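Novice: As they're listed, the protein sequences go chains Y and H.
Our numbering puts the first residue of the first sequence at 1, with every later residue one more than the last.
Our numbering puts the first residue of the second sequence at 1001, with every later residue one more than the last.
One structure coming up, written as structure tokens, with questions to follow.
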Amino acid sequence: MKIRIAALVFLGLLALGCVLAGWIAPEGYAEQFRSEPDAACSRAHLLGTDDLGRDRFARVLYGTRVSLLLAPAAALLATVLAGLIGGAAGFFGGQLEGWVMAATDLVLAMPWFFLLITVRALLPLNVAPATSVGITFALLGCLGWAGAARVVCADARALCRSDLALLARAQGASGVRLLWRHILPNLKPALYAQFWISIPVFILTEANLGMLGLGVAEPLPSWGSLLRELESCSTGITHAAVLAPLALVILTVSSFQLAVRKKEIHA
Amino acid sequence: MRRLGQHGLRIGLVLVAGGLLSAMLVRTAPGYGVDEQDLDSRLNAESHRALHEAKGMDGGFLRFCVAWCGRVLHGDLGTSAALNEPVRQLLEERIPETAKTLGEGLGLAWTLGLGLALLSSAPGLRGVEWAAWFVASALLCVPAAVLAIGFVLAGAPGRLAVGLIVFPKVFEFTRNLLARSAVMPHVLAARARGVGEGRVLFRHVLPVTARQIFALAGVSVCMAMAACIPVEVLCDLPGIGQLAWKAALGRDLPLLVMLTMLVTLATLAANTAAETLSGNLRGGEAR
């Protein structure tokens, strides 16, 4: 229990850091200190600078803002899609359910990363940084619904066959009323759980995409693009501060996983 | 036999649907129909038209789809625009490398995952269970690309990174499965009758969980294939994953959709094999 509270406190502090990024690091993520490229940690630069002389601490803060705000947004999109597709399939059943489940099977059979880079390649690669953020996380949300839809469909089907649905029908409730008043409120726990489960998955996927150069475009930082610095350490890690984004990713994902377990139990 | 037929039909339907979808993606992709030869001022309009016709760039969408699927069925997978080589040749060169990566990675993942899950289920080995759980949980929080870089920095064979990416999922699933099976009534009854732990595991627990473990084996192929992209790119292994990444950066959509279809087929084949095996087990249990 204590460790879960610690995880939630850590996530809260991180979110606060993102909100106050402009105040904590006023120099911004793109400002270059040309006389100090690849500098070690100092008072002026808490985590040193990268090879272009940009303050690493500021970039980590702004990168956290991008990754931590947009992964939940993508998770929300995926959950809404899963709720709509899976919920409709489970509620209406019959052929619609068969077709939706076949589509879900097809999407799940495709290795996600292959599908993601295929669709990413369809879209322009040389776009404005803000657009690349939108594209990256919209893609994650649009392609990450399948697993959750399967769970929601099974839940909706079970609810439609449950005593409460039978009773509502016996009392003359229409299909819309049954869906709105009885099925949807009971699907909420499953949807919450899927939402919380998706966040760490999307954080890690963005990190992988960013490291391969297919994520958020420079100079806007994200955890993925910050981790690309590790690629240049082929001869060894010169400054330990290079590892700061990695430590943050690991801590954040593990905090989410600890929080998710609690949410799952509640669900 | 009937089940095999059903699986074959399913794979066939996926092929048709995937083929049409791929053709649609290629046809509607930005830049389709633009050829660098269009910029050659020495060629007149008729030559340009003839070139377009030869490449099947003119005509309606349906005609394009039929022509594209026909070419694929005849083994002509097209030419990669980014690498300027026939797709078929690229695949022939790179499939063995990825197969090797998958083999070694999955071997490591299953040896570690299943082995540690079995050890964790043994009474009196709580330390092993906690250590394995900690390592698996930590690995779940590390991006696959970072693990690959770690292997490069350590000078370790990059292929094994795939194993460490898949291992936590195998371990967590099989550990939970074994823990759930261990409290089933027939297992408790066997223990109450004084049956040894080894016999309980191999005669009462594993037969019950085998079907789900086979299903996980199919899914783990899909996970390993997805992990191949960052691992092969960062560890410089010339396989399918690296090819997909190059195709994505070069916006070589024909190559990319072909790779995605190929990988989907491989995944479906793995899942079908796993389902057939688990179906045989169920049949055996029923008899």
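Glycine included, each C-beta is placed from N, C-alpha and C at the ideal position.
Bear in mind the structure is a predicted one, so any value in this text is a computation, not a measurement.
(1) So, is the C-beta of H:Ala1087 closer than 7 angstroms to a C-beta in chain Y?
(2) On the three-state DSSP scale, how would you describe Y:Arg161?
(3) Does DSSP put H:Arg1094 in a helix, a strand or coil?
(4) Kindly say whether H:Met1258, judged by its beta-carbon, lies nearer than 7 angstroms to any beta-carbon of chain Y.
(5) For a quick check, are the C-beta atoms of H:Cys1235 and H:Ala1182 less than 7 angstroms apart?
(6) Which same chain residues, not among the five before or five after Y:Leu123, have their C-beta less than 6 angstroms away from its C-beta?
(7) Quick one: Cα of H:Leu1073 to Cα of Y:Gly17, how far?
(8) Bridge partners for Y:Thr49 per DSSP, in chain order?
(9) Note down, in chain order, all residues in the stretch 1216-1230 of chain H with a beta-carbon under 7 angstroms from any beta-carbon belonging to chain Y.
(10) DSSP on H:Thr1079, reduced to helix/strand/coil?
(11) Between which two residues does the alpha helix (DSSP H) harbouring Y:Ser42 extend?
(12) For Y:Arg169 and Y:Leu178, what's the separation of their Cα atoms in angstroms?
(13) Leaving out five residues before and five after H:Ile1011 in sequence, what residues of the same chain have Cβ atoms less than 8 angstroms from its Cβ?
(14) Which chain Y residues are close to H:Leu1268, counting only those with a beta carbon under 8 angstroms from its beta carbon?
(15) What does DSSP give as the partner residue(s) for Y:Gln32 in the beta ladder?
(16) What residues match up with H:Pro972 in a beta bridge as DSSP calls it?
(17) Tell me, which residues are paired with H:Pro1086 by DSSP?
(18) Does the beta-carbon distance from Y:Pro200 to Y:Trp223 come in below 7 angstroms?
(19) I want to see whether chain H comes within less than 7 angstroms of Y:Asn208, judged by CB atoms only; does it?
(20) Is it buried or exposed, H:His1186, if we count other Cβ atoms within 10 angstroms and call 16 or more buried?
(21) Note the first and the last residue of the continuous alpha helix (DSSP H) segment covering Y:Trp180.
(22) Taking 6 angstroms as the cut-off, is the beta-carbon of Y:Phe195 closer than that to any non-hydrogen atom of the ligand COA?
(23) Quick check on the burial criterion: 16 or more other C-beta atoms within 10 angstroms. Buried or exposed for Y:Met1?
(24) What would DSSP say about H:Asn1271, mapped onto helix, strand or coil?
(25) Does the stretch 149-165 of chain Y come close enough to the stretch 28-37 of chain Y that 3 or more CB-CB pairs lie under 8 angstroms?
(26) Do we get a CB-CB distance below 7 angstroms when we pair Y:Leu11 with the residues of chain H?
(27) How close, in whole Å, do the beta carbons of Y:Val100 and Y:Cys153 come, if the pair is a contact with beta carbons under 8 angstroms?
(28) Going by DSSP in three states, H:Arg1193 sits in which element: helix, strand or coil?
(29) Starting from Y:Ser222, follow the alpha helix (DSSP H) in both directions and report where the run begins and ends.
Specialist: In brief:
(1) Mapped onto the second sequence, residue 1087 of chain H falls at position 87. One detail in the question is off: residue 1087 of chain H reads as Val in this sequence, not Ala. Closer than 7 angstroms: no.
(2) Position 161 of the first sequence holds residue 161 of chain Y. Y:Arg161: coil per DSSP, three-state reduction.
(3) Locating residue 1094 of chain H in the second sequence gives position 94, counting from the first residue. In this structure, H:Arg1094 counts as helix in the three-state DSSP scheme.
(4) Here residue 1258 of chain H refers to the residue found at position 258 of the second sequence. For H:Met1258, the answer is no, since every Cβ of chain Y falls outside 7 angstroms of its Cβ.
(5) The residue you call residue 1235 of chain H lines up with position 235 of the second sequence. The residue you call residue 1182 of chain H lines up with position 182 of the second sequence. Taking 7 angstroms as the Cβ cut-off, H:Cys1235 and H:Ala1182 do not qualify as a contacting pair.
(6) As a first step, residue 123 of chain Y is located in the first sequence; it is residue number 123 there, counting from the start. Excluding residues within five positions, the ones whose Cβ falls inside 6 angstroms are Ile135.
(7) Numbered from its first residue, the second sequence carries residue 1073 of chain H at position 73. Numbered from its first residue, the first sequence carries residue 17 of chain Y at position 17. Cα-Cα distance, rounded: 56 angstroms.
(8) Your numbering for residue 49 of chain Y matches position 49 in the first sequence. Looking at the DSSP assignment, Y:Thr49 forms a beta bridge with Y:Asp55.
(9) Cys1222, Met1225, Ala1226, Ile1229, Pro1230
(10) Locating residue 1079 of chain H in the second sequence gives position 79, where the first residue counts as 1. If DSSP states are grouped into helix, strand and coil, H:Thr1079 belongs with the strands.
(11) Reading the first sequence from its first residue, position 42 is the one you call residue 42 of chain Y. Element bounds for Y:Ser42: n/a, residue is neither H nor E.
(12) Along the first sequence, one-based indexing puts residue 169 of chain Y at 169. Along the first sequence, one-based indexing puts residue 178 of chain Y at 178. Looking at the two C-alpha atoms, the distance is approximately 8 angstroms.
(13) Stepping through the second sequence from its first residue, residue 1011 of chain H is reached at position 11. Excluding residues within five positions, the ones whose Cβ falls inside 8 angstroms are Leu1265, Leu1268, Ala1269, Thr1272.
(14) As a working mapping, residue 1268 of chain H is identified with position 268 in the second sequence. Going along chain Y in sequence order, the residues near H:Leu1268 (Cβ under 8 angstroms) are Ala109.
(15) Along the first sequence, one-based indexing puts residue 32 of chain Y at 32. DSSP, once it has assigned bridges, lists Y:Arg54 as partnering Y:Gln32.
(16) The first residue shown for chain H is 1001 and the last is 1287, placing residue 972 of chain H beyond what the model contains.
(17) Residue mapping note: residue 1086 of chain H aligns to position 86 of the second sequence, counting from 1. DSSP lists H:Thr1079 as partners of H:Pro1086.
(18) Within the first sequence, the letter at position 200 stands for residue 200 of chain Y. Within the first sequence, the letter at position 223 stands for residue 223 of chain Y. Against a cut-off of 7 angstroms, the Cβ pair of Y:Trp223 and Y:Pro200 comes out as no contact.
(19) By one-based count along the first sequence, residue 208 of chain Y stands at place 208. Yes, because at least one Cβ of chain H sits closer than 7 angstroms to the Cβ of Y:Asn208.
(20) Translated into the one-based positions of the second sequence, residue 1186 of chain H becomes position 186. H:His1186 should be labelled exposed.
(21) Position 180 of the first sequence, counted from the first residue, corresponds to residue 180 of chain Y. Careful: Y:Trp180 lies outside any alpha helix (DSSP H) and carries neither H nor E.
(22) Among the components of this structure there are no ligands whatsoever, and the ligand COA is therefore not found.
(23) One-based indexing of the first sequence puts residue 1 of chain Y at position 1. Y:Met1 comes out exposed.
(24) As a working note, residue 1271 of chain H is residue 271 in the second sequence. H:Asn1271 falls in the helix class under three-state DSSP.
(25) no
(26) Walking along the first sequence from the start, residue 11 of chain Y turns up at place 11. No, Y:Leu11 lies away from the interface with chain H (no Cβ there is under 7 angstroms from its Cβ).
(27) Residue mapping note: residue 100 of chain Y aligns to position 100 of the first sequence, counting from 1. Residue mapping note: residue 153 of chain Y aligns to position 153 of the first sequence, counting from 1. Confirmed, about 7 angstroms.
(28) Within the second sequence, residue 1193 of chain H is the residue found at index 193, counting from 1. Coil.
(29) Here residue 222 of chain Y refers to the residue found at position 222 of the first sequence. First-last for Y:Ser222: undefined, no H or E at that position.
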